[in-house]
Every structure is written in structure tokens, then in C-alpha cells.
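The structure appears below as C-alpha cells.
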């Protein structure tokens, strides 16, 4: 029970500290624009680079396609 002498003031101090931080956030305008950042990420203002007319072909021409139904491997098996 002697520990309550320390815990009750510590809990009151932490509660007042949190309440002070909340009022500081209200005063400094932290809660003014709640939807701005959520909508700002959806806006696409970037200009696309001009198209050259042909899409680059990323597949290698010297490797044949695997037969249908076989899974594609993300990497080559290790050589032993």
C-alpha cells in the first residue's frame, strides 16, 4: 500500500501532461484540416513523360515461353 503514495501522483502527473498536450494541439491548429492529407495523396498532379510510340519489350527473345500450365519461376535455380 505504500506504493500508492508514488503511483497516484505519477498517474495524475501523466494525465495532466496528456491533457496539456491535447490542449496545445488544439491551440496550435493540429486538428484544423483532418481530411487534407487523406485527399492530397489521391491527387495526381504529375505530368506523364511524352510517349515515344513504342513500348519497351522487357522479355528476352532468346528464351522460349514455358508450356501452358507450368508455373513461371521468379528466379533461376542455383547451379551446382
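Residue numbers (our numbering): 11 to 90. All C-beta atoms, glycine included, are put in the ideal place defined by N, C-alpha and C. Model, not experiment: these values are computed from the prediction.
Taking residue i and residue j to be in contact with their CB atoms under 8 Å, please state how far apart those CB atoms are, rounded to whole angstroms.
i: residue 41; j: residue 35; result: 7 Å
Suppose you measure from the CA of residue i to the CA of residue j; what does that come to, to the nearest Å?
i: residue 28; j: residue 14; result: 21 Å
i: residue 33; j: residue 11; result: 34 Å
i: residue 43; j: residue 18; result: 37 Å
i: residue 25; j: residue 16; result: 14 Å
i: residue 23; j: residue 45; result: 33 Å
i: residue 20; j: residue 52; result: 44 Å
Indicate the three-state DSSP secondary structure (helix, strand or coil) for residue i in the structure shown.
i: residue 50; result: helix
i: residue 39; result: coil
i: residue 19; result: helix
i: residue 27; result: helix
i: residue 14; result: helix
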